[in-house]
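Chains as they are written, first to last, in our numbering: chain A, 18 to 129; chain B, 2 to 116.
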Amino acid sequence: GQSLEQPSEVTAVEGAIVQINCTYQTSGFYGLSWYQQHDGGAPTFLSYNALDGLEETGRFSSFLSRSDSYGYLLLQELQMKDSASYFCAVLTYNTNAGKSTFGDGTTLTVKP
Amino acid sequence: DTGVSQDPRHKITKRGQNVTFRCDPISEHNRLYWYRQTLGQGPEFLTYFQNEAQLEKSRLLSDRFSAERPKGSFSTLEIQRTEQGDSAMYLCASSLGASVTDTQYFGPGTRLTVL
Chain A
18 GQSLEQPSEV TAVEGAIVQI NCTYQTSGFY GLSWYQQHDG GAPTFLSYNA
68 LDGLEETGRF SSFLSRSDSY GYLLLQELQM KDSASYFCAV LTYNTNAGKS
118 TFGDGTTLTV KP
Chain B
2 DTGVSQDPRH KITKRGQNVT FRCDPISEHN RLYWYRQTLG QGPEFLTYFQ
52 NEAQLEKSRL LSDRFSAERP KGSFSTLEIQ RTEQGDSAMY LCASSLGASV
102 TDTQYFGPGT RLTVL
């Protein structure tokens, strides 16, 4: 089966940089995704890494090391609206398409 | 609004009753996924469809759960003889289906409360 570990909570101040780590154990690994979910809202896609290295999308960057089964989400210039839960999800390839298995999420609280 | 829609948004039912949820994916999206999410946890995969074919079911999906996507468009998830442990948010997501790595777009979810 698959297992993912990420910190349950992270707190940071506005304007700071925060890194949310994710380690995983899985077979059939294809890639690592990150999703954001505000309270009461639906998960929204942030980024995806299939290859080792850093992917940058505006204030958010995501990193993957396949050999270490490790990735992280980096949020820069934190804003209050970034307070949300962040989930890493491994994409595994079985049968005809990929299936995503999510971690339990990291609750980010941004303080003024 | 051309996003994924789900109906109803909230459902309260008594234990033992049957419930059915509907998901309308983004138009032209071939893949449709169902997840269940409980408080403090990430979405748990239940099942997914490629067009009208149900390609994979999680072991979480007991015999009381059934999902259909009869014409490859909308999908329904039925839970028979509901139990209190079924209380959760049921999320639907869709993706284009052009490759393994298609982005999944989630709907707002149906929150089920079983009394």
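We put the beta carbon where it would ideally sit given N, CA and C, even for glycine.
No experiment lies behind these values; they were computed from the predicted model shown.
Asked                                                                                                                                   : Found
As assigned by DSSP and simplified to three states, the class of residue 15 of chain B                                                  : coil
For residue 51 of chain B, the nearest candidate out of B:22, B:111, B:35 and B:63 (CA to CA)                                           : B:35
Reduced DSSP category for residue 69 of chain A - H, G, I as helix; E, B as strand; rest coil                                           : coil
Inside the segment 40-86 of chain A only - beta strand (DSSP E) runs reaching at least 3 residues                                       : 46-54, 61-66, 70-74 and 77-82
Closest Cα partner of residue 113 of chain B within the set B:8, B:94 and B:31                                                          : B:8
Endpoints, beta strand (DSSP E) assigned at residue 53 of chain B                                                                       : Element bounds for residue 53 of chain B: n/a, residue is neither H nor E.
Between the CA atoms of residue 24 of chain B and residue 15 of chain B - distance to the nearest angstrom                              : 22 Å
Coil, strand or helix - residue 99 of chain A by DSSP                                                                                   : helix
Contact list for residue 92 of chain B against chain A, beta-carbon separation under 8 Å                                                : 59 and 60
Residues sharing a beta bridge with residue 38 of chain B, DSSP                                                                         : B:90
Residue 80 of chain B - containing beta strand (DSSP E), residue span                                                                   : 76-80
Residues near residue 39 of chain B by beta carbon distance below 7 Å, same chain, minus five either side                               : 89
The segment 21-48 of chain B: positions lying closer than 9 Å to chain A by Cβ                                                          : 32, 34, 36, 38, 41, 42, 43, 44, 45 and 46
Helix, strand or coil at residue 93 of chain A [DSSP, three-state]                                                                      : coil
Contacts that residue 3 of chain B makes with chain A (C-beta to C-beta distance below 9 Å)                                             : Under the 9 Å cutoff, chain A gives no residues; its nearest Cβ is about 15 Å from residue 3 of chain B.
Where the segment 67-78 of chain A meets chain B: residues whose CB sits under 8 Å from a CB there                                      : 67
Cβ neighbour criterion (16 or more within 10 Å) applied to residue 116 of chain A                                                       : buried
Among A:128, A:127, A:123 and A:29, nearest to residue 53 of chain A - alpha-carbon criterion                                           : A:123
Residue 121 of chain A: contacting residues in chain B (beta-carbon distance under 9 Å)                                                 : 41, 42 and 43
Given residue 48 of chain A as reference, the closest of A:40, A:108 and A:79 once Cα atoms are compared                                : A:108
Neighbourhood of residue 110 of chain A by C-beta distance below 7 Å, restricted to the same chain and skipping five residues each side : 45 and 47
Strand pairing of residue 124 of chain A, partner residues [DSSP]                                                                       : A:26 and A:102
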